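Trainee:
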Amino acid sequence: MPDNKQASADVAETPDAADPKKAEVEADAEGTIGAEFGDEVLEAEPAKTDDEKDKSSDAYHAKVTAKAGTPAGLVTGLIKELRPKQWVKNVLVLAVPFAAGEILDPAILLDAVIAFVVFSMAASGIYFVNDAIDVEADRQHPTKRNRPIAAGLIPVPIAYVVCVLLLGGSLVISGLTSMPLLAVMAVYIAVQLGYCFGLKHQPVIDLCIVASGFLLRAIAGGAAANLVITQWFYLIVAFGSLFMVAGKRYAEVKLAAETGAKIRKSLKAYSPSYLRFVWAIAAAITIMTYSLWAYDIREFEMSRWGLISIVPMVIAILRYAVDIDKGVAGEPEEVVLKDKVLMVLGAILAGCLFLAFYL
1 MPDNKQASAD VAETPDAADP KKAEVEADAE GTIGAEFGDE VLEAEPAKTD
51 DEKDKSSDAY HAKVTAKAGT PAGLVTGLIK ELRPKQWVKN VLVLAVPFAA
101 GEILDPAILL DAVIAFVVFS MAASGIYFVN DAIDVEADRQ HPTKRNRPIA
151 AGLIPVPIAY VVCVLLLGGS LVISGLTSMP LLAVMAVYIA VQLGYCFGLK
201 HQPVIDLCIV ASGFLLRAIA GGAAANLVIT QWFYLIVAFG SLFMVAGKRY
251 AEVKLAAETG AKIRKSLKAY SPSYLRFVWA IAAAITIMTY SLWAYDIREF
301 EMSRWGLISI VPMVIAILRY AVDIDKGVAG EPEEVVLKDK VLMVLGAILA
351 GCLFLAFYL
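In structure tokens:
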């Protein structure tokens, strides 16, 4: 998934910078729009320019490919292809240790950190194989041709070698940590490889696979430390993830309708009304399961802070739904970081849960 920050900076220097929807369409040079690993969804029809800062221009492409075949270009390409900015999603592995009241235990925290590392390795490995598979198609695209593999910074054979090392290393480290973590990582890698090799084009299946990535992250945090937690928590994560993924797809379909951008096969099967139905149902189930979990907290932790946390949780979901309804719900982390109210609600929610589990 791409460097949205840089893409946004580039767009800001053009006359169309004031149009956020157009900016979102153009922010696909590294593939951040639309999928867990950066499978591009929207394809704009960019105007041809000679501006080196325009990622669709031949001048920019020439600047990128100038480093092809050099050691410096290879190192730069490898770092870029790892997409370290996307590792922020893996912080979700801390959710189970936190909810279990064990996050302050050094041994548990170390296991969670290991889970973070192996998930980051696996996700980066998937980026390599995804872009290696699509290299020829990427080279025909005005912006995706600038990705490290398509631009020739990383030869395809080296991309596959790095992929094997990352995925294999992830499984080895997981196995040395705990067998449950190894099982989770094996499932994650198998599902994501299936996504890369064609499941991303299957309607509904693509929604479930992307949402499952977040659920497996949460499960991994508990598996690494052999923690057991109530089923309500996993239902919250599962349907909360589906809520965000369906909202993201809704934004993409709405954006395509308004800009005329092309969309991939799976999105053509979705109508805005269907996606609205999915994210509305997912939001309702998320609120219901969270409330049931909050009552469990009161019973087992003897604390009312769990019940109090329902208030910021519900408000946060309703607030996020506003962004979805406007068609501007892109990457979940970006939506939150751009909405100060959501950030405050998240802090209040975390504070309530901390008081419930650790006070």
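Quick note on UniProt numbering: the sequence shown kicks off at 1 and runs consecutively. Beta carbons: idealized from backbone N, C-alpha and C, even for Gly. Computed from a predicted model, the values in this text were never measured in an experiment.
Are the Cβ atoms of asparagine 90 and phenylalanine 119 separated by less than 9 Å?
Mentor: The answer is yes: Cβ separation under 9 Å.
Trainee: Looking at alanine 122: is its Cβ nearer than 9 Å to the Cβ of isoleucine 189?
Mentor: Yes; because the gap between Cβ atoms is below 9 Å, this pair is in contact.
Trainee: Measuring alpha carbon to alpha carbon, tell me which of Trp232, Ala224, Val245 and Leu182 ends up nearest glycine 213.
Mentor: The shortest Cα separation from glycine 213 among Trp232, Ala224, Val245 and Leu182 belongs to Val245.
Trainee: Does DSSP classify leucine 353 as helix, strand or coil?
Mentor: Leucine 353 falls in the helix class under three-state DSSP.
Trainee: With 9 Å set as the bound, which would you pick, yes or no: does the beta-carbon of alanine 350 sit closer than that to a beta-carbon of chain D?
Mentor: Among the protein chains of the structure shown there is no chain D, as only one such chain exists.
Trainee: Let me check understanding here. Comparing Cα to Cα, which of Ala224, Thr143 and Glu102 lies closest to alanine 356?
Mentor: With distances taken between Cα atoms, alanine 356 lies closest to Glu102.
Trainee: What does the alpha-carbon distance come out to for the pair lysine 338 and proline 155?
Mentor: Their Cα atoms are separated by approximately 37 Å.
Trainee: Cβ atoms of alanine 186 and tyrosine 160: under 9 Å apart, would you say?
Mentor: Contact flag unset, no.
Trainee: In angstroms, rounded to a whole number, what distance separates the CA positions of asparagine 226 and valine 117?
Mentor: One C-alpha to the other measures close to 17 Å.
Trainee: In the region 278–333, which residue ranges form an unbroken alpha helix (DSSP H) of at least 4 residues, counting only runs that do not cross its ends?
Mentor: 305–308 and 310–326, all fully within the region 278–333.
Trainee: Taking the alpha-carbon positions, what's the arginine 319 to glycine 152 distance?
Mentor: So the alpha carbons of these two residues sit roughly 43 Å apart.
Trainee: With DSSP as the reference, label glycine 69 as helix, strand or coil.
Mentor: Of the three classes helix, strand and coil, the one that applies to glycine 69 here is coil, per DSSP.
Trainee: Can you give me the start and stop residues for the alpha helix (DSSP H) that aspartate 339 sits inside?
Mentor: Looking at the DSSP string, aspartate 339 is not in any alpha helix (DSSP H), and its letter there is neither H nor E.
Trainee: I need the boundaries of the alpha helix (DSSP H) containing alanine 251, first residue and last residue.
Mentor: Per DSSP, alanine 251 belongs to the alpha helix (DSSP H) from 231–259.
Trainee: For the ligand SAH, is there any heavy atom lying closer than 8 Å to the beta carbon of lysine 340?
Mentor: No copy of the ligand SAH occurs in the structure displayed, which carries no ligand at all.
Trainee: For valine 278, is the classification buried or exposed, using 16 other Cβ atoms within 10 angstroms of its Cβ as the cut-off for buried?
Mentor: Buried.
Trainee: To which residues of the same chain is leucine 167 closer than 7 Å at the C-beta, ignoring the five residues directly before and after it?
Mentor: Same-chain partners within the cutoff: Ala122, Gly125 and Ile189.
Trainee: Report the rounded CA-to-CA distance for alanine 280 versus lysine 326, giving the unit in angstroms.
Mentor: Spanning the two alpha carbons is a distance of roughly 14 Å.
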